[in-house]
Amino acid sequence: MSDETTVLVLALATENAELRAALAEAQELLIETAVDAGEMHAENEALRAQIAAFQGERN
């Protein structure tokens, strides 16, 4: 392998590693966001149930 080819392969390997790290970080953030969204949805549903119960008591 020529020096130029070696440099190119190393540059591509470095870029690949950086992209994999960025992808892993993005996936982690997406999972955290999905968990947060699920928790917010559950809280929302609980609040809606409380509102419905309160409105039922008032009628």
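Just so you know, the sequence shown maps onto residues 116 to 174 in the working numbering.
C-beta: ideal position from N, C-alpha, C; glycine also.
Assigned secondary structure, residue i (DSSP; H/G/I helix, E/B strand, else coil)
i    : result
M116 : coil
N174 : coil
heavy atom of the ligand COA below 7 Å from residue i C-beta
i    : result
G171 : For the ligand COA, the structure offers nothing, since it holds no ligand at all.
CA-to-CA distance, residue j to residue i, given in whole angstroms
i    : j    : result
G153 : L138 : 22 Å
A126 : E158 : 48 Å
A164 : E133 : 47 Å
R173 : M155 : 27 Å
L145 : M116 : 41 Å
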